[in-house]
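Let me begin by presenting the structure, written as structure tokens, before commenting on it.
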Amino acid sequence: MPTPGSVEGGATALPQEPVPATAEAGQDSPGGGEEIVVTGIRSSLANSARVKRDSQQIVDSISAEDVGKFPDSNIAESLQRITGVAIDRSGGEGQFITVRGLGPEFNTVLVNGRIMATDNPGREFSFDVLSSNMIQRTDVFKSNVPELQEGGIGATVNIITARPLSGRDGFHFSGSVGAIYDTLRDKAGPDASATASWTNTEKTFGVVLSGSYTKRKNQEDTIAIDGWINGRPDIISVMGGTPTLITGADPRYPAAGNVNVPQSLYYQRSQEERERINLAGAVQFKPRDNLEITVDGIYSKFTVSGVVRKMDNFLAAPYFEPTFDSNGTATGLGMIGGDFIAQNPGFLEANRDRLTNNGLNSKIDHVYNLTKRESESYQFGGNIKWNPAEDVEVRLDASVTGANRVSPNQYLVIGALLPYSYQFDLNPGQGLPTASFDNAIINDPDRMRLHYMGIDTNRSRDRGSEFHLDTKYDIQDSVLKSVQIGGSYTQRRKINRQFNNSDSNCTYCGYQVPIASGLLEGYDWTNLLGAARIFRPRCSSSIHRRSSPISMIPRLCRSRPTAARPSSRQPSRSRCSALPGGPFGVREQLRGTVNVQEKLTAGYISMQFGGDRWAGNVGVRVIKTDVVSSGFNTPVVNIANTPGDDTLQFTYGPATPVSVSNSYVNALPSANIRFNVTEKLLARAAFSQTVTRPTLTDLGVNNDFGGRISVPQSSGGNPSLLPFRSTNYDLSLEWYMTPVSYVSVGGFHKDLSDFLELQTLPVNRFGRVFQDTRTRNGQTGYIRGIEVGAQYAFDWLPGFASGFGVTGNYTYVDSKVQREDTLADFDCGYNGLSPHSANGSVFYEKYGISARTSYNWRSDYLRQCRSSQGRPRNRSSYGQLDFNVAYDLTSNFQVYVQGVNVTNERVNEWSAVEDRFLALQETGARYNFGVRVKF
23 MPTPGSVEGG
33 ATALPQEPVP
43 ATAEAGQDSP
53 GGGEEIVVTG
63 IRSSLANSAR
73 VKRDSQQIVD
83 SISAEDVGKF
93 PDSNIAESLQ
103 RITGVAIDRS
113 GGEGQFITVR
123 GLGPEFNTVL
133 VNGRIMATDN
143 PGREFSFDVL
153 SSNMIQRTDV
163 FKSNVPELQE
173 GGIGATVNII
183 TARPLSGRDG
193 FHFSGSVGAI
203 YDTLRDKAGP
213 DASATASWTN
223 TEKTFGVVLS
233 GSYTKRKNQE
243 DTIAIDGWIN
253 GRPDIISVMG
263 GTPTLITGAD
273 PRYPAAGNVN
283 VPQSLYYQRS
293 QEERERINLA
303 GAVQFKPRDN
313 LEITVDGIYS
323 KFTVSGVVRK
333 MDNFLAAPYF
343 EPTFDSNGTA
353 TGLGMIGGDF
363 IAQNPGFLEA
373 NRDRLTNNGL
383 NSKIDHVYNL
393 TKRESESYQF
403 GGNIKWNPAE
413 DVEVRLDASV
423 TGANRVSPNQ
433 YLVIGALLPY
443 SYQFDLNPGQ
453 GLPTASFDNA
463 IINDPDRMRL
473 HYMGIDTNRS
483 RDRGSEFHLD
493 TKYDIQDSVL
503 KSVQIGGSYT
513 QRRKINRQFN
523 NSDSNCTYCG
533 YQVPIASGLL
543 EGYDWTNLLG
553 AARIFRPRCS
563 SSIHRRSSPI
573 SMIPRLCRSR
583 PTAARPSSRQ
593 PSRSRCSALP
603 GGPFGVREQL
613 RGTVNVQEKL
623 TAGYISMQFG
633 GDRWAGNVGV
643 RVIKTDVVSS
653 GFNTPVVNIA
663 NTPGDDTLQF
673 TYGPATPVSV
683 SNSYVNALPS
693 ANIRFNVTEK
703 LLARAAFSQT
713 VTRPTLTDLG
723 VNNDFGGRIS
733 VPQSSGGNPS
743 LLPFRSTNYD
753 LSLEWYMTPV
763 SYVSVGGFHK
773 DLSDFLELQT
783 LPVNRFGRVF
793 QDTRTRNGQT
803 GYIRGIEVGA
813 QYAFDWLPGF
823 ASGFGVTGNY
833 TYVDSKVQRE
843 DTLADFDCGY
853 NGLSPHSANG
863 SVFYEKYGIS
873 ARTSYNWRSD
883 YLRQCRSSQG
893 RPRNRSSYGQ
903 LDFNVAYDLT
913 SNFQVYVQGV
923 NVTNERVNEW
933 SAVEDRFLAL
943 QETGARYNFG
953 VRVKF
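So, in structure tokens, the structure goes:
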């Protein structure tokens with residue numbers, strides 16, 4: 023049995039060994055005492071139940087069904103079946119987790135008990151970089167003990183890879199070969215994995231290696247509004263047959279308070295190729311019974327290449343004859359075009375001082391975007407476990423980790439100035455928003471003009487190392503069972519560098535320079551999100567499929583003027599030669615540099631107590647945090663308006679180095695107790711104080727500026743951020759009916775302070791009001807909830823029916839938040855918190871069949887209080903149906919098929935009220951199929 027205060031095969035601050043499944047999974051063991059290794063769904067559920075039952079912490083677990091076979095092909099998609107866990111997806115694939123309403127930045131993810139560097143800008147861990155075939159078990163700790171690394175207010179997740187000495191002796195191999203098919207893209211890619219292990223008969227030396235390769239081709243279709251602008255913008259109303267400009271201060275304004283108008287309406291299709299290579303391995307050596315040495319490592323290479331096509335209808339004041347509903351939402355408005363200006367020359371002369379470039383001409387943008395995410399990450403470590411005496415254990419652990427990310431991106435906008443006015447309609451309750459088009463005109467090559475071209479190759483580098491010393495002293499014949507004392511030192515540095523042409527990406531802004539028609543081709547939108555539902559353009563212009571923005575640069579600089587603009591050629595040529603490398607030369611922008619180094623020194627003491635029917639632990643962890651944020655200050659020396667457009671162009675002065683230091687100490691007490699009410703009924707209680715430090719890149723000294731005349735924008739880091747603190751209380755009751763079946767009910771309460779949140783707030787800069795986006799402290803409040811979970815196997819039923827079983831859980835979360843800066847018309851809660859979430863599965867396992875159908879659901883939630891245009895971004899409730907079916911052809915061969923989102927559910931987003939549409943997004947269904955082999 024595990025010692026009090028520990029989890030058998032679980033995770034603390036150090037790598038731990040997973041325990042193999044044995045014949046306690048509801049199956050009979052033959053005589054003679056021989057250990058029988060049981061695999062499959064029941065084995066996975068039995069292992070998970072055992073971890074939960076034997077722990078003194080509040081923990082949930084997902085275990086592999088067999089060597090190299092995790093329940094789902096994506097780790098995050100398995101974790102969403104745990105109470106209180108929800109996930110966010112990228113390209114339809116699980117990437118981040120939210121636990122008890124707290125997002126990925128508030129959950130610590132460990133790999134074999136250690137931090138693993140991430141290619142993301144911050145600390146949040148991307149589960150899509152790791153293949154599930156190398157994972158033996160994943161634990162989600164919802165209450166703390168001092169020996170567990172701090173940083174997870176929501177939860178601490180430990181991903182455990184295979185250990186050879188924990189398995190069977192001899193040589194063993196498992197592998198799979200198959201394909202991944204995405205229905206929306208209608209393309210398939212390869213999916214293969216393998217795991218091999220060898221352990222000598224004495225179990226004193228073993229090696230395990232695993233690897234995987236996948237290439238997935240997916241698609242994401244979107245119709246969206248790029249945020250709603252809140253205010254009282256200028257409008258045009260026809261009065262007495264005469265167009266009249268009405269300002270927000272005019273008593274004739276058609277709304278009493280502020281109104282909300284859309285920034286733009288766009289149609290977008292993103293097509294990606296996602297290639298992932300994973301390698302993992304471990305070597306274990308046990309020269310003596312009291313000494314064990316482990317060396318392990320993980321390597322991941324993940325490349326996502328994308329092509330994004332977008333047709334964007336930018337909307338700007340003054341709006342022609344807008345209509346508003348009772349919530350102040352614009353349900354319809356017009357954009358004036360060349361026909362209006364020609365028919366009303368007096369209007370232009372009378373109001374020239376209030377009209378922006380965008381407000382004078384209706385236009386449409388055709389966007390072509392090449393994206394890429396090239397990431398590599400690794401972790402290598404060594405561990406020594408030594409028992410110098412029977413009651414003493416010493417562990418030494420050292421590891422290094424790193425991640426690199428390069429994100430080359432090419433973004434080209436070709437615009438068309440329209441000779442006519444067009445109408446935007448929200449269509450509330452009837453369908454999706456629409457804009458009136460003349461397809462022939464918006465695709466006329468003679469109307470196409472260069473507008474914007476951005477080239478960037480941003481780079482991210484994450485490096486870390488950590489060292490742990492942990493000691494444990496067992497005490498006999500005492501209520502005090504053991505004492506653990508230890509310490510750790512961790513160092514991590516995150517560097518983000520910007521390489522782009524942001525000082526010249528608006529070289530052609532203003533739609534003045536034509537583009538040769540031979541560089542373009544039509545792009546068909548007719549199958550976007552079910553074309554029959556609403557009217558939309560049938561096609562738009564895009565760069566020819568054999569071209570790219572970079573390949574077009576030489577010809578762009580030679581673009582010829584039109585008769586209407588005979589002088590346009592010379593300015594374009596002078597712009598091309600004005601900067602090193604021309605306007606599309608990539609230069610390092612020092613103002614965007616983020617260089618943050620963090621050093622953590624921690625020490626802890628933990629005491630384990632126990633009696634005949636109870637066990638518990640109490641202790642404290644003390645951590646000193648030292649942070650140095652370095653970068654450059656580049657002052658803004660000039661802000662100019664772009665001719666023919668309202669895009670702002672910024673000129674910067676010389677860069678000077680700047681550095682900011684911060685240091686603080688946190689003492690984090692914790693206590694857990696478990697009481698055996700009966701042999702099968704357990705009660706638990708837990709108390710802890712936890713912190714989440716600001717994500718590293720949020721601590722940068724960087725600042726950036728952009729936007730338009732109507733909405734200037736700024737963003738950057740905040741080196742003065744404080745850690746987010748929480749005081750946590752937990753209670754739970756667990757009833758274990760069999761080794762597989764149990765029911766649990768729990769409640770939790772978290773008192774929060776200095777909450778960290780990405781916010782967009784109005785800030786006065788340079789005589790303008792900027793929408794400034796950066797992470798800020800300032801919130802207090804609480805999160806509390808109830809979790810109910812169960813799993814049950816119908817082993818007692820006769821014959822065929824005994825193969826069935828069910829699992830499920832439900833979580834209710836309530837919260838209260840107090841913000842220093844609030845929205846006048848919307849009460850923001852915590853980002854990412856769904857009041858209700860649930861999932862349920864029905865499985866069958868017998869006669870060589872292994873099948874599971876699962877449905878995961880979460881209620882609507884606030885994604886961000888201040889998102890685009892500083893307004894809320896909400897997401898509607900979402901449910902997804904998945905299945906997994908496998909059949910054993912023989913004891914060594916199995917065929918399988920997995921389906922993800924098989925009903926093709928779509929993501930719907932809105933702002934503050936549901937009629938204020940933001941986005942509808944579709945990724946389609948995904949199927950994995952193939953054959954597995956093991957021996």
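Per this note's numbering, residue 23 is the first one in the sequence shown, and the count goes up by one each step.
Ideal Cβ placement from N, Cα and C applies to all residues, glycine included.
In this text, all values refer to a predicted model and were calculated from it rather than measured experimentally.
For residue i, the first and last residue of its enclosing beta strand (DSSP E)
i    : result
E488 : 470–496
K74  : First-last for K74: 63–76, but that is the alpha helix (DSSP H), not the beta strand (DSSP E).
N373 : Counting along the chain, N373 falls outside any beta strand (DSSP E), though it belongs to the alpha helix (DSSP H) covering 367–373.
K868 : 858–868
Y834 : 826–840
V608 : Careful: V608 lies outside any beta strand (DSSP E) and carries neither H nor E.
S710 : 703–714
Buried/exposed call for residue i, threshold 16 Cβ in 10 Å
i    : result
S83  : buried
S899 : exposed
L502 : exposed
A47  : For A47, the predicted structure reports a pLDDT of 35, less than 50, and the residue's modelled location is therefore unreliable. A value from the coordinates is still provided. Burial call: buried.
K702 : exposed
P588 : At P588, the pLDDT of 40 sits below 50, so the modelled position is not reliable and the matter cannot be decided from this model.
S913 : exposed
W818 : exposed
Y686 : exposed
E944 : buried
A33  : The predicted model places A33 with a pLDDT of 37, which falls under 50 and marks its position as unreliable; any figure quoted below should be read in that light. Burial call: buried.
V281 : buried
L313 : exposed
S742 : exposed
P784 : exposed
L495 : As written in the sequence, residue 495 is Tyr, which differs from the Leu given in the question. Answer is exposed; the Cβ neighbour count stays below 16.
Three-way DSSP call (helix, strand, coil) for residue i in this model
i    : result
M1   : The first residue shown for the chain is 23 and the last is 957, placing residue 1 beyond what the model contains.
N155 : helix
E87  : coil
R207 : coil
S397 : strand
G614 : helix
I463 : helix
R417 : strand
T664 : coil
D248 : coil
P691 : strand
R515 : strand
D752 : strand
D720 : helix
P761 : coil
I58  : With a pLDDT of 40 at I58, under the threshold of 50, the modelled position of that residue is not reliable, and the figure given next carries that caveat. I58: coil per DSSP, three-state reduction.
First through last residue of the alpha helix (DSSP H) which encompasses residue i
i   : result
I97 : 97–101
| field | contact_flag[the stretch 644–653, the stretch 673–693] where n(CB pairs < 8 angstroms) is 3 or more | value | yes
| query | Whole beta strand (DSSP E) runs in the stretch 287–369 with 3 or more residues, listed along the chain? | reply | 313–336, 341–346, 352–357
| message | Can you confirm whether the stretch 229–241 touches the stretch 255–264 when touching is taken to mean that 3 or more C-beta pairs between the two stretches lie within less than 8 angstroms? | response | no
| request: Could you pull out every unbroken alpha helix (DSSP H) segment of at least 4 residues lying fully inside the stretch 881–955, listed in chain order? | output: none
| message | Assess contact between the stretch 476–486 and the stretch 421–428, defined as three or more Cβ pairs (one per stretch) separated by less than 8 angstroms. Is contact present? | response | yes
| Should the stretch 391–402 be regarded as contacting the stretch 322–335, the criterion being three or more beta carbon pairs within less than 8 angstroms? | yes
| query | Any chance the stretch 846–864 sits against the stretch 874–889, with 3 or more Cβ pairs inside 8 angstroms? | reply | yes
| Should the stretch 909–923 be regarded as contacting the stretch 805–814, the criterion being three or more beta carbon pairs within less than 8 angstroms? | no
| task | Specify whether the stretch 511–528 and the stretch 745–763 touch according to this definition: at least 3 beta carbon pairs, one from each stretch, less than 8 angstroms apart. | result | no
| Between the stretch 441–449 and the stretch 490–508, do three or more beta carbon pairs fall short of 8 angstroms? | no
| query | Between the stretch 713–720 and the stretch 140–153, do at least 3 Cβ pairs fall closer than 8 angstroms? | reply | yes
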